[in-house]
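Chains as they are written, first to last, in our numbering: chain A, 599 to 806; chain B, 599 to 806.
C-beta atoms are modelled at their ideal positions from N, C-alpha and C, and glycine is treated no differently.
All of these numbers come straight from a predicted model, not from anything done at the bench.
Written below as C-alpha cells is the structure these notes are about.
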DNA sequence: GTCTATAGAAGGATAGAC
DNA sequence: GTCTATCCTTCTATAGAC
C-alpha cells in the first residue's frame, strides 16, 4: 500500500472540487476516482460531504500556499516573485486546458450563502494567503498597512483573472493581472513614483 | 397579468444563479420562486436547464452592464466613475448580507469545464463588459491597447474582490480593488506619473 | 398554454456482512 | 477497516389531462 485510502479520497476530492465545484462533485464520483469503496467516505469523514469539503479546502489551501511561496521565494526579488507566480498560474491553466485555476474559488462562491462551516473554511484559507503575501511585502520594506493592501490587490487580481481566463479560455487576463501586480509592488518600493499605489491616493488627488 | 410567466422564470433564475450557482439551483426551486407551474420551464425553454441558463446569463450580463454603465456615466469623470461603481458594488453586497455580488461569476467557474454552451455565454458577457469599460477609458483619452488592459485589470479586481468579500464577509477587498482601479486610471490619464501602469512597464524596468 | 403526475437517473446517507 | 447493497430524497425531464 503506497497511499492511505483517506489521503486518496482527499486528493481526488481536491481535484474534483477545483474543476467542478462543490455541488458539481458527487461522492460516488470521488470514491471512483480515488479507487476507494463508498463506505470509506463515512468511515473517515463521519460528517459526510460537508466535513470532507472543509478538510479538503484547508488542505488544498495550504498546499497551494506552499506552492506559491516556493515560487515566490525562489525569485531574486519580490517584483520578480510576483511575476513568476502569475506566469506559473497561467502556464498551469494552459497545460490543463483551462481547468486548474484556484483550488477553492469555485467552492467559495458556491457555499458563501449556503454553508457556514464551508464558508468559514474558505475564509480562513484566504486570510492565510493574504497574510503570507503581506508578510513577504513587509519583509521587502513595505509598511504593514500598505503591504496588506498590496497583498489583497494582488490576490484580487489573481482570483478575478482566474474567473475571466477560464471563461474566455485565454491567459490574457492573467498576464494583465500579473503585470499590474508587479507594477504595484515596484511602485510601492520606489519612493520616486508612488502616484498609482493605493496608499498614496490622497497625495495624488490634486491631479485631474 | 403584470409580468409574463417567461419573464418571471428568467428573473427568479437570475437571482438564484447569482446566489447559489448553476448546480446549486434546482428547476423546482426556480418555478416555486417564480410562482409558475413546472411544465412552463419546458414550454418556454425546450432546451431545459441549459437553455434557461444560457438565456439567463445573457440577460443578467446585459442588465448588470447597463446598471454599471449608468453609475459610471453619471460621474463627472472616469476616475470618479470607477470609484462609484466599486462603492455601489460594496453597498449592494452589504445590504444583501454578502449574497449579491457578480450575477454570473459563480456559474462561470462552475460550468467552465462542464458545458460549452454555458461557458460560451459567460465568455460573451465578460467580453462585452471588457469592451464597454475599455471604450469609456478610450473616450477619456487613453489609447485603445492600454484602455483594454485597464478594463481587464479593473474587472479582474472587481471579480476577485467579489470572491474574497463573499468568503470573508468583508468589503475590505472591494475597497482595495476600487482604490487600485481608480489609481490605475488616474495614472493612465496623468503623463507625469505613468510608472505604475501596466503599459509603461518596460520604461520603469530600470528601477529596483 | 396551463398545470399535474410521474418516470428514470443521480444525489447523499446508512446498515451490516465480511 | 473494507466493501456492498440499499434507502430515501432530489434532480431533470417527459407525458398527458384539462
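request  = Could you say which of 601(B), 602(B), 617(B) lies nearest to residue 713(A) if we only look at CA atoms?
outcome  = 617(B)
DSSP state of residue 620(A) mapped onto helix, strand, coil = coil
request  = Determine the chain B residues that contact residue 655(A) at a beta-carbon separation under 9 angstroms, and present them in chain order.
outcome  = Going along chain B, no residue has its Cβ under 9 angstroms from residue 655(A), so there is no contact; the nearest lies around 10 angstroms.
request  = Reducing DSSP to helix, strand and coil, say where residue 803(A) ends up.
outcome  = Residue placement at residue 803(A) is flagged as unreliable, the pLDDT there being 34, under the threshold of 50; the coordinate-derived value follows with that caveat. Here residue 803(A) sits in coil by DSSP.
task = Using a Cβ-Cβ cut-off of 8 angstroms, state whether residue 627(B) counts as contacting chain A.
result = no
inquiry  = Pairs of beta-carbons, one from the region 625–638 of chain A and one from the region 601–614 of chain A, closer than 8 angstroms: are there three or more?
reply    = yes
ask   = Hey, is residue 729(B)'s beta-carbon within less than 8 angstroms of any beta-carbon in chain A?
value = no
task = Measure from the alpha carbon of residue 666(A) to the alpha carbon of each residue in 605(A), 688(A), 654(A), then state which is nearest.
result = 688(A)
Proximal residues to residue 719(B) (C-beta, below 7 angstroms), its chain only, five neighbours per side dropped = 652, 655, 656
ask   = When you check each C-beta in the region 643–674 of chain B against every C-beta of chain A, which residues fall closer than 7 angstroms?
value = none
ask   = With a Cβ-Cβ cutoff of 8 angstroms, do residue 734(A) and residue 676(A) count as a contact?
value = yes
query = What is the residue span of the alpha helix (DSSP H) that residue 669(B) lies within?
reply = 646–672
Pairwise C-alpha distance: residue 711(A) and residue 620(A) = 13 angstroms
request  = Look at residue 772(B) and residue 684(B) and say whether their C-beta atoms are less than 8 angstroms apart.
outcome  = yes
ask   = For residue 767(A), does the three-state DSSP call read helix, strand or coil?
value = coil
message = For the structure I just gave you, are there three or more beta carbon pairs, one from the region 753–770 of chain A and one from the region 746–765 of chain B, closer than 8 angstroms?
response = yes
query = Is there at least one Cβ from chain A nearer than 8 angstroms to residue 714(B)'s Cβ?
reply = no
ask   = Using a Cβ-Cβ cut-off of 6 angstroms (strictly less than) and excluding sequence neighbours within five positions of residue 732(B), which residues of its own chain qualify?
value = 745, 746, 749
Residue 702(B) versus residue 709(B) - alpha carbon distance = 11 angstroms
ask   = If the cut is a Cβ gap below 7 angstroms, which residues of chain A does residue 761(B) touch?
value = 703, 706, 707, 757
request  = Consider the Cβ of residue 680(A): report whether some Cβ of chain B lies at a distance smaller than 8 angstroms.
outcome  = no
query = Assuming residue 691(B) contacts residue 769(B) under a Cβ cut-off of 8 angstroms, what Cβ separation, rounded to an integer in Å, is found between them?
reply = 6 angstroms
inquiry  = Tell me the DSSP secondary structure of residue 739(A) in three-state form.
reply    = coil
request  = Return no unless some Cβ of chain B is closer than 8 angstroms to the Cβ of residue 735(A).
outcome  = no
inquiry  = Need the endpoints of the alpha helix (DSSP H) that residue 688(B) sits in, please.
reply    = 676–693
ask   = At least one CB of chain A closer than 8 angstroms to the CB of residue 614(B): is that the case?
value = no
message = Taking 6 angstroms as the limit between beta carbons, can you name the residues of its chain near residue 632(B), skipping five residues before and five after?
response = 606, 607, 610
request  = Give a yes or no on whether 8 angstroms exceeds the smallest Cβ distance from residue 740(B) to chain A.
outcome  = no
inquiry  = residue 775(B) and residue 751(A) - do their beta-carbons sit closer together than 8 angstroms?
reply    = yes
ask   = By the criterion of Cβ-Cβ separation under 8 angstroms, what are the contact partners of residue 766(B) in chain A?
value = 721, 724, 725
key: Beta-carbon proximity of residue 741(A) to residue 680(A), cut-off 8 angstroms   = no
message = I'd like to know whether the C-beta of residue 624(A) is nearer than 8 angstroms to at least one C-beta of chain B.
response = no
task = Consult DSSP for residue 811(A) and reduce its assignment to one of helix, strand or coil.
result = Beyond the ends of chain A as shown, which are 599 and 806, falls residue 811(A); an answer cannot be given.
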